[in-house]
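Asks:
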Amino acid sequence: MRHGKKINHLSRQSAHRKAMLANMACSLIEHKRINTTVAKAKALKQYIEPLVTKSKTDDTHNRRIVFSYLKDKYAVTELFREVAAKVGDRPGGYTRIIKLGNRLGDNADMAMIELVDFNELYNAGTKEVKKASTRRGRKKADATTEAAAETSTETNE
Numbered sequence: 001m002r003h004g005k006k007i008n009h010l011s012r013q014s015a016h017r018k019a020m021l022a023n024m025a026c027s028l029i030e031h032k033r034i035n036t037t038v039a040k041a042k043a044l045k046q047y048i049e050p051l052v053t054k055s056k057t058d059d060t061h062n063r064r065i066v067f068s069y070l071k072d073k074y075a076v077t078e079l080f081r082e083v084a085a086k087v088g089d090r091p092g093g094y095t096r097i098i099k100l101g102n103r104l105g106d107n108a109d110m111a112m113i114e115l116v117d118f119n120e121l122y123n124a125g126t127k128e129v130k131k132a133s134t135r136r137g138r139k140k141a142d143a144t145t146e147a148a149a150e151t152s153t154e155t156n157e
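Residue numbers for the sequence shown follow the UniProt record's numbering, beginning at 1 and rising by one.
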């Protein structure tokens, strides 16, 4: 029984599973979205979200921790430069899983996992929220010109 077991072993030995998740994470960082099975996508989400959180603070210690997981210095560089710059203000939830249906060969449940801030289709609908300016009283010159305009319209009628 697997009561209380949090990790999905994905029918692999631990070394194979770690290598596979590291390779998938590097591919996700490089291509910003990948297609895989739903089970692997959920396991990859748990694997990569803490790494993206660590990339928000760029120091040597965090780079070494992320490198120990990914084992690819180009992926680490891109994670700390491009990805961290886009997700800097996001409090979490850096990836999105979209289910695609079943694979033709073996009927496996397929999904697309992507980095949220890099999808332009979903980000196009959100507009920049303009900061509400404080309303202040009108200047005296504006008030006098409006009063003069009101009196001129009253006299024309």
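Quick reminder that beta carbons are idealized off the backbone N, C-alpha and C, glycines included. Remember, it's a predicted structure, so these values are computed and weren't measured experimentally.
Between the C-alpha atoms of residue 112 and residue 23, what's the straight-line distance to the nearest angstrom?
Replies: For this step, residue 112 is matched to residue 112 along the sequence shown. For this step, residue 23 is matched to residue 23 along the sequence shown. Each residue's alpha carbon lies about 16 angstroms from the other.
Asks: Report yes or no: do the stretch 102 to 116 and the stretch 20 to 37 share at least 3 C-beta pairs separated by less than 8 angstroms?
Replies: Output reads yes: the stretch 20 to 37 touches the stretch 102 to 116.
Asks: Do the CB positions of residue 99 and residue 109 come within less than 8 angstroms of each other?
Replies: Locating residue 99 in the sequence shown gives position 99, counting from the first residue. Locating residue 109 in the sequence shown gives position 109, counting from the first residue. Result yes, Cβ atoms of residue 99 and residue 109 sit closer than 8 angstroms.
Asks: With distances taken from CA atoms, which of 41, 66 and 60 is nearest residue 53?
Replies: In the sequence shown, the residue the question calls residue 53 occupies position 53. The candidate whose alpha carbon is nearest that of residue 53 is 66.
Asks: Would you tell me roughly how many angstroms separate the C-alpha atoms of residue 11 and residue 44, rounded to the nearest one?
Replies: If you number the sequence shown from 1, residue 11 lands on position 11. If you number the sequence shown from 1, residue 44 lands on position 44. Between residue 11 and residue 44, the C-alpha separation is close to 15 angstroms.
Asks: I need the boundaries of the alpha helix (DSSP H) containing residue 30, first residue and last residue.
Replies: For the purposes of this step, residue 30 is identified with residue 30 of the sequence shown, where counting begins at 1. Residue 30 -> alpha helix (DSSP H) spans 14 to 31.
Asks: Give every residue of the same chain whose Cβ lies closer than 7 angstroms to the Cβ of residue 158, excluding the five residues on either side of it in the sequence, and list them in chain order.
Replies: What is shown of the chain runs 1 to 157, which leaves residue 158 out entirely.
Asks: Skipping 5 residues on each side, what residues in its chain have a beta carbon closer than 6 angstroms to that of residue 118?
Replies: Within the sequence shown, numbered from 1, the residue matching residue 118 stands at position 118. These residues qualify, in order along the chain: 32.
Asks: Going by C-alpha distance, which of 91, 84 and 88 is nearest residue 29?
Replies: The residue you call residue 29 lines up with position 29 of the sequence shown. That would be 84, whose Cα lies nearest to the Cα of residue 29.
Asks: Please list the terminal residues of the continuous beta strand (DSSP E) segment that includes residue 115.
Replies: Within the sequence shown, residue 115 is the residue found at index 115, counting from 1. Its beta strand (DSSP E) spans residues 109 to 115.
Asks: Could you pull the start and end residues of the beta strand (DSSP E) that residue 98 belongs to?
Replies: Indexing the sequence shown from 1 puts residue 98 at position 98. 95 to 102 is the span of the beta strand (DSSP E), which, as asked, contains residue 98.
Asks: With H, G and I counted as helix, E and B as strand and the rest as coil, what does DSSP make of residue 53?
Replies: Along the sequence shown, one-based indexing puts residue 53 at 53. Residue 53 falls in the helix class under three-state DSSP.
Asks: Using a Cβ-Cβ cutoff of less than 6 angstroms, which residues in the same chain neighbour residue 17 once the five nearest sequence positions on both sides are dropped?
Replies: Residue 17 sits at position 17 when you count from the first residue of the sequence shown. Same-chain partners within the cutoff: 10.
Asks: Note down, in chain order, each residue of its chain lying with its Cβ closer than 8 angstroms to the Cβ of residue 56, except the 5 sequence neighbours on either side.
Replies: Sequence index remark: in the sequence shown, residue 56 carries index 56 (1-based). For residue 56, where only same-chain residues beyond five positions count, the Cβ hits under 8 angstroms are 84, 87 and 88.
Asks: Count the other CB atoms within 10 Å of the CB of residue 47; is the residue buried (16 or more) or exposed (fewer)?
Replies: Numbered from its first residue, the sequence shown carries residue 47 at position 47. Classification for residue 47: buried.
Asks: For the alpha helix (DSSP H) containing residue 78, name the first residue and the last one.
Replies: If you number the sequence shown from 1, residue 78 lands on position 78. Segment 73 to 78, the alpha helix (DSSP H) holding residue 78.
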